[in-house]
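Each position in the sequence shown, counted from 1, maps to that position plus 134 in the working numbering.
Glycine included, each C-beta is placed from N, C-alpha and C at the ideal position.
Encoded as structure tokens, the structure appears first; notes follow it.
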Amino acid sequence: MARFAAATALASSLAYVLAFAGSASAQTAPAKPQERMVVDARELVYDNDKKTVSAVGEVQILYQGRTIEADKVTYDQAGKRVIATGNARITESNGTVITGDRFNLTDDFRDGFIDSLRVVNPDKTRFSAPRAERTDGETFIFEKGIYTACEPCKDNPERPPLWQVRSARIIHKKAEQTIYYEDARLEFAGVPLAYIPYMSGPDSTVKRKSGFLSPKFINTGPLGFGVGLPYFINLAPNYDLTLTPTYLTRQGLLGQVEWRHRLVNGSYTVRASGIFQQEKEAFLAAPLGAGDDKFRGSIETNGKFYINPRWNFGWNASMSTDRWFYKNYRILNESLSATTYLQEAISTAYLNGQTSTGWFDLRGYYFQPLTSVDWQKQQPVVLPVLDYNKRIHKPSFLGGELTFNANVTHLTRDAAAFQQLPQQTAYLINNLNTAPTYQLYDGCAVYQKSTCLVRGLAGNVARATAEVSWRRNFIDPIGQVWTPYASVRADIFSVNPDTTGYPNANVRTIVDTSDEVFGRAMPAIGLMYRYPFVAKTSWGTHIIEPVAQIVARPNETNSLRVANEDAQSLVFDANNLFEWSGKFSGYDRVEGGTRANVGALYTGRFGANAYANLLLGQSYHLGGRNSFATGDLVNTGLDSGLETDKSDIVARAQISPFTGLFFTGATRLNQTTFETQRIDAAATYATSVVTASVGYGRYEPQPSLGIFRRREGLSLNGSVGVTSNWRLRAGVLFDLDKYKYDREVRATQYAAWLASPSTIAIPKYANGGLFQTASTSFGINYTDECTVFDVSYSQSYADRQSGTTKDTRTVMLRLELRTLGELSYSQNLDTSSTGDGVTSSR
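Structure below.
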């Protein structure tokens with residue numbers, strides 16, 4: 135036995151040492167660089183009798199990309215085994231770290247036994263076991279193994295992680311990239327919560343692999359309890375198929391399939407769902423639900439492809455057998471609009487191109503309403519819609535900016551859409567004598583211009599618009615900014631109304647229904663003046679900027695002949711006070727006459743982070759016909775604050791006193807009485823611990839538009855981080871004018887009681903007070919490196935606008951265990967909602 139007590143600097147080739155220890159005359163072939171072993175230890179110990187070589191003291195061995203560390207490593211030449219003891223560790227080439235009390239491995243380190251094993255993979259997943267065996271260099275067998283994706287507690291590493299899988303045997307087959315669990319139980323904080331006799335899943339190296347996904351659970355009154363088990367089929371690296379059969383105790387088997395395909399220049403997805411209902415009577419019959427249908431289903435698809443870096447085309451489309459299918463069966467649809475009151479599925483296909491100075495977009499739309507109160511025949515099919523915009527900066531002959539705009543729109547609908555003034559009391563379908571009672575689809579008691587709006591014509595309507603505009607900034611020697619402006623716009627309309635059938639024939643009494651093609655031209659010239667004054671004080675920098683703008687145009691023509699489809703919404707505020715192209719929101723209307731817009735802008739900077747921005751202004755009609763005083767088929771412009779020669783006063787404020795706190799506000803004031811006509815205000819505060827927001831809106835009645843009651847609401851939302859992992863959130867929306875609606879309902883009921891006091895009970899007056907909630911929500915979330923847990927509760931109260939007659943309460947639970955899967959569950963606590971097509975008695 136020979137000992138070499140060197141300080142830490144011994145490095146040699148283990149292959150050479152082993153050969154020399156066995157025979158002084160043995161010849162060995164030169165080792166390739168990647169096969170050579172490099173050993174670093176305090177001393178090497180040779181035992182010729184036992185034919186062993188031991189590296190002792192801070193041993194480190196490098197071999198084939200692996201690093202082996204231990205207090206002592208012994209090579210048994212006869213048994214061709216390597217035994218490592220004392221703080222033993224193997225670091226694989228992929229970053230996996232294997233530690234244990236004792237390693238007993240073959241001389242190539244491929245197979246062997248490990249005591250008190252701990253494995254940490256590059257993705258921070260962990261295995262541990264009292265004893266483990268590795269065979270074939272790729273299969274790990276953990277006896278009484280434990281698996282987790284959670285990191286150990288820094289203060290108490292021996293404490294059980296948040297969750298772990300404890301199994302009689304865990305088998306990890308690297309060749310299959312699969313982990314098998316036998317007699318497994320899922321533990322949270324060391325407490326067993328679920329027993330699973332057998333399961334398997336992909337390891338951390340897998341991105342796509344065929345197999346079962348996390349189950350889905352459904353529990354609603356009309357569906358019963360349901361369990362869906364998705365199965366993912368990895369057909370190829372660029373396309374796959376997911377099958378999700380869901381068994382519902384009341385309705386039978388719901389089938390769902392999803393196909394995904396990625397190509398070189400894009401990708402697309404197709405999803406389909408369908409069911410043959412067992413209990414149709416769980417849903418309302420037509421026209422309030424799909425209780426008459428045996429088969430119900432849907433198909434959805436979306437895709438996007440790049441023709442080149444500037445051009446792409448795509449689509450997002452969905453169709454269903456009925457408008458209630460998505461809600462009734464909890465089908466996720468990316469085409470659904472996110473707004474509360476516009477519940478519809480929007481299908482579109484498009485071709486889009488853009489450069490740094492140009493934009494082209496061609497698309498078509500199909501709208502499918504998802505509540506009982508909307509009629510499919512009144513929804514337009516919009517095809518095509520073409521938009522083109524081109525900007526030329528500093529053209530040589532003019533300077534400034536030259537802009538070209540073009541738009542082409544064509545739409546068709548089967549049935550005309552109406553709205554009664556000043557209040558909706560007449561409907562196209564009335565069922566008031568038998569249960570369930572309902573009134574559907576807005577109509578008018580008298581079809582005349584003063585009491586009835588035409589929201590949309592039946593038939594075909596088309597328009598083509600082209601506009602060129604120019605503007606340029608000039609700054610004179612004293613700092614005044616002058617911006618001249620000029621534009622010319624031309625429109626061609628083709629109106630072909632359909633007046634056959636009910637209710638289309640009623641349009642004749644309101645609007646000229648003859649087929650016609652007509653045009654209009656609108657030139658404009660204008661000038662804007664700004665003169666910023668800058669002042670610096672000890673507490674900030676201030677900029678006060680008076681702004682004046684004048685635009686001259688001829689009178690608008692054909693406003694009553696135009697079927698206003700895209701400019702029905704008009705909100706006059708500080709944002710569009712100085713809009714060159716006019717204050718209408720779309721192309722169907724154009725601002726005419728001569729108008730001056732004046733205002734003052736203040737901007738302040740205080741310290742490093744505080745700032746304020748204020749704008750106050752007013753608009754004046756100077757000459758010609760005021761476009762906003764001339765109502766079209768939907769009275770756009772009336773009650774807007776612009777219909778008089780001197781407009782209402784508009785103001786806007788944005789203030790941030792310090793980082794994280796932000797106030798915004800906008801208002802419109804009556805120009806004579808200074809009464810508020812519109813208020814929008816919000817405040818937000820956000821830090822890493824607390825977020826809070828308050829929103830308030832108040833809009834006065836606009837009887838010419840069919841809005842006869844003031845609208846007022848208050849929203850409160852916030853969240854707080856209780857700890858670094860736990861966060862609470864809550865929100866509430868108050869309908870501050872609901873009490874007025876309650877009064878109207880009670881007045882109607884009281885009038886009916888006076889007419890038949892012997893058959894109807896005297897109605898009770900329910901005074902809900904000022905702060906009546908429209909919706910509430912609260913939830914709790916836990917997130918760490920291995921777990922996401924979220925529970926939420928939401929309640930939407932009966933809403934007269936969306937068609938629901940009773941409150942909707944929903945509890946949602948989501949649990950995501952990293953690398954194992956995700957479990958989500960949604961429970962609707964109420965099943966009676968006319969807008970959802972569900973029978974109120976079930």
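Going by beta-carbon coordinates alone, are residue i and residue j separated by less than 8 Å?
i       : j       : result
Ala-479 : Leu-504 : yes
Arg-861 : Gly-852 : no
Met-662 : Arg-687 : no
Asp-456 : Asp-495 : no
Gln-488 : Arg-525 : no
Val-519 : Thr-491 : no
Gly-590 : Gln-512 : yes
Val-516 : Leu-485 : no
Val-922 : Ile-914 : no
Ser-348 : Gly-955 : yes
Gly-593 : Asp-632 : yes
Ala-189 : Val-207 : yes
Ala-669 : Ile-626 : no
Pro-331 : Asp-317 : yes
Ile-813 : Tyr-830 : yes
Val-784 : Asp-707 : yes
Compute the Euclidean distance between the alpha carbons of residue i and residue j, then round it to the nearest angstrom.
i       : j       : result
Lys-308 : Gly-229 : 15 Å
Ala-158 : Tyr-209 : In this predicted model, Ala-158 has a pLDDT of only 30, less than 50, meaning its place in the structure is not dependable; the value taken from the coordinates is given anyway. Each residue's alpha carbon lies about 18 Å from the other.
Ala-620 : Ser-822 : 49 Å
Pro-295 : Thr-917 : 14 Å
Gly-358 : Thr-403 : 30 Å
Thr-938 : Leu-711 : Only weak support is given to the placement of Thr-938: the predicted model assigns it a pLDDT of 47, under 50, and the value that follows is read from those uncertain coordinates. Approximately 38 Å, taken between the alpha carbons.
Tyr-819 : Gly-386 : 49 Å
Gly-220 : Val-193 : 10 Å
Thr-273 : Pro-326 : 27 Å
Arg-999 : Cys-586 : Past the edges of the chain, shown from 135 to 976, lies residue 999, and the structure says nothing about it.
Glu-650 : Arg-606 : 39 Å
Leu-963 : Tyr-875 : 26 Å
Ala-222 : Asp-257 : 21 Å
Gln-811 : Lys-341 : 57 Å
Gln-510 : Phe-429 : 20 Å
Glu-177 : Asn-372 : 55 Å
Val-866 : Thr-671 : 42 Å
Phe-459 : Glu-878 : 33 Å
Ser-890 : Ile-896 : 10 Å
Gln-935 : Ser-928 : Unreliable positioning characterises Gln-935 in this predicted model, as indicated by a pLDDT of 43, which lies under 50. A coordinate reading is not provided.
Ile-304 : Glu-310 : 14 Å
Trp-887 : Leu-566 : 15 Å
Ser-774 : Gly-448 : 38 Å
What is the C-beta distance between residue i and residue j, in whole angstroms, given that I count them as a contact (C-beta under 8 Å)?
i       : j       : result
Leu-251 : Phe-276 : 7 Å
Val-216 : Thr-225 : Actually they do not touch by this definition, with Cβ atoms about 16 Å apart.
Glu-846 : Leu-870 : 4 Å
Ile-684 : Ala-730 : 5 Å
Ala-658 : Ser-628 : Actually they do not touch by this definition, with Cβ atoms about 25 Å apart.
Could you give the residue range of the alpha helix (DSSP H) that holds residue i?
i       : result
Asn-238 : Run containing Asn-238: none in the alpha helix (DSSP H); it sits in the beta strand (DSSP E), 231-240.
Trp-986 : Outside the displayed span of the chain (135 to 976) sits residue 986, for which this structure offers no information.
Lys-461 : 459-462
For the ligand MG, is there any heavy atom lying closer than 7 Å to the beta carbon of residue i?
i       : result
Asn-255 : Within the structure as shown, the ligand MG is missing, as the structure has no ligands at all.
Taking the beta strand (DSSP E) that residue i falls in, what are its first and last residues?
i       : result
Tyr-665 : Unbroken run through Tyr-665: none, as it is neither H nor E.
Asn-859 : Looking at the DSSP string, Asn-859 is not in any beta strand (DSSP E), and its letter there is neither H nor E.
Phe-842 : First-last for Phe-842: undefined, no H or E at that position.
Phe-792 : 780-792
Asn-747 : 744-757
Val-207 : 200-210
Pro-264 : 260-269
Glu-478 : 478-488
Ser-960 : 955-962
Gln-573 : 572-576
Trp-509 : Taken as a continuous stretch (DSSP letters only), Trp-509 belongs to no beta strand (DSSP E), as it is neither H nor E.
Does any residue of chain B have a CB that is nearer than 8 Å to the CB of residue i?
i       : result
Gln-502 : Looking at the structure shown, chain B is missing, and only one protein chain is on hand.
Q: Can you check the segment 524-569 for any beta strand (DSSP E) of at least 3 residues that lies completely inside it and give the ranges in chain order?
A: Correct list: 535-547, 551-554, 561-565.
Q) What residue ranges within the segment 307-386 form continuous alpha helix (DSSP H) runs of no fewer than 4 residues, ordered along the chain? A) None, since the segment 307-386 contains no complete alpha helix (DSSP H) of that length.
Q: Run through the segment 808-843 for me and flag every whole beta strand (DSSP E) of 3 or more residues, listed as ranges in chain order.
A: Listed in chain order, the complete beta strand (DSSP E) runs (minimum 3 residues) inside the segment 808-843 are 810-820, 824-833.
Q. Whole beta strand (DSSP E) runs in the segment 391-437 with 3 or more residues, listed along the chain?
A. The qualifying runs are 400-410.
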